[in-house]
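Take any residue in the sequence shown, count from 1 to its spot, add 1286: that is its number in my numbering. For every residue, glycine included, the Cβ atom is placed at its ideal position computed from N, Cα and C.
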Amino acid sequence: MKIKHLLSITDLTRRDILDILGIAEKLKKRLRKTGKNKPLLKGKTLIMIYEKPSLRTHASFDIGMFQLGGHALYFGPEHIGLGVREPVEHAAKVLSSMGSAIMARVFAHDTVAELARYSKVPVINGLSDLEHPCQILADIMTMVEYKRSLHRIRVAFVGDGNNNVTHSLALVCGLLGMHIVVASPKGYAMSAAVSAKARSLAVKYGGSVTETQNPESAVKGADVVYTDTWVSMGAEKEKAKRLKAFRRYQVNEKLMSLAKPDALFMHDMPAYLGNEVTKEVFDSKQSVVYDQAENRLHAQKGLLVFLMKGKKS
Ligand code: NVA
1287 MKIKHLLSIT DLTRRDILDI LGIAEKLKKR LRKTGKNKPL LKGKTLIMIY EKPSLRTHAS
1347 FDIGMFQLGG HALYFGPEHI GLGVREPVEH AAKVLSSMGS AIMARVFAHD TVAELARYSK
1407 VPVINGLSDL EHPCQILADI MTMVEYKRSL HRIRVAFVGD GNNNVTHSLA LVCGLLGMHI
1467 VVASPKGYAM SAAVSAKARS LAVKYGGSVT ETQNPESAVK GADVVYTDTW VSMGAEKEKA
1527 KRLKAFRRYQ VNEKLMSLAK PDALFMHDMP AYLGNEVTKE VFDSKQSVVY DQAENRLHAQ
1587 KGLLVFLMKG KKS
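Dropping the structure here:
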C-alpha cells in the first residue's frame, strides 16, 4: 500500500480534509468534556525534526501525541545535521525503521520531499519554505467553527504572497471551492507554480483565486482577513528591504473596516505587531488568532490519527 505523506495540503483530498477535521472535532469535544482522550496512538512514536524554531508546531505535536497515548521524540537543529552530518536518505531510512511517523520543519521543501522518498512511514511537513499544511488544517477548522459553512466564504490574504502559509491557504481555498484574493507588493507574489495549481483547483471546484497589488480591493467585502509575517524564517537578511516593500500592506483598523463587519482576522503567529498587523486589530473582537493556535493541537491530532491509524477515531 502507498504510504500517505502530507507534504502539500493538496496531498489530501477534500474527503481526507473532512475526515481529519471530523476526527479533530470529536477529539476536541471529548478533551473539553472529560479532560482526556482515548489512547488511540498507544505504542506509536512521532519523530520530530526541526531545522528552524517552533512554538505552536512543537507544542501541539508533542502534547497531541501525549494526549493520544503515544510518544514524540524531538530532534533540534543541532542534533541531526540533515544533509550535512548525515544525508537525508540515511536519516529517513534509520528513523522510519524505528518511528511510526516523521514530522519535519525544514528550510528547503526538497528536504521534506526527500525524507518522504526514503521513509517507510508517513512524513508530515511541519513547515517548509514552500508550504505549511498543518497550519492550514487548523485554520480551516477555525473558519468552520466561526462561519459554519465554507460555502461562498471570501478570504483576503494581505502581505507576503511568496510564502508557505499563503501558498497552502490559496491551495486549500482552491481545493474546497472557496474564494481568495491575495494582495502582495510587486516582487512578492505567490510562486507561479502554486498560483497555477490553486487556480486550476478553483476552476474544478467552483471557487476562485485572484492576485492583486491592491490591499484595499482585496479586503473589500471579505469574510476573513489573513496576514503573516513580512520576514519569514530564513529571510532575516532581507528584513530592511522587506519592511519597506510591505509598508502599505499593514492590516490595521482602517483596512479591516473595508471587510464585512463580522469578518474574522487571522494570523498564524508569530506576529510582529506594528508591522503586518496593528495591536488593535490583533487584540480586537474580530481576531481569532488564539483559536487558530489552539486548533493546531486538535487538527494535528486528527491528522496523526488519520495517518497512523486510519480514518476511525
Ligand atoms: N511564514 C512564516 C510562518 C511561521 C509559522 C515563516 O515561515 O516564518
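The distance from the Cβ of Ala1399 to that of Leu1332 is about 19 Å, inconsistent with a contact at the 8 Å cut-off. Annotation for Val1451 indicates a beta carbon within 7 Å of some heavy atom of the ligand NVA. Of the candidates Ser1477, His1291, Ala1345, Ser1477 places its Cα closest to the Cα of Thr1452. Each residue's CA atom was taken as its position, placing Asp1514 and Lys1315 some 29 Å apart.
Cβ contact annotation for Ala1585 (same chain, cutoff 6 Å, sequence separation greater than five): Ala1310, Leu1423, Ala1424, Met1427, in chain order. At a Cβ-Cβ threshold of 8 Å, Val1489 and Ala1456 do not count as neighbours.
The secondary-structure analysis by DSSP pairs Phe1443 across a beta bridge with Val1468, Tyr1512. Following the DSSP letters along the chain, one finds Met1389 inside the beta strand (DSSP E) bounded by residues 1387-1391. For Met1519, there is no enclosing beta strand (DSSP E), as DSSP gives it neither H nor E. Shortest Cα-Cα distance from Leu1461 to any of Lys1525, Ser1486, Ala1345, Ala1508 involves Ser1486. Assigned with DSSP and collapsed to three states, Val1458 falls in helix. Taken through DSSP and simplified to helix, strand or coil, Ala1394 comes out as coil. Across the set Phe1443, His1465, Ala1345, the C-alpha of Phe1443 shows the shortest separation from the C-alpha of Glu1562. Taken through DSSP and simplified to helix, strand or coil, Val1480 comes out as helix.
Residue pairing of Val1409 in beta bridges, as defined by DSSP: Ile1388.
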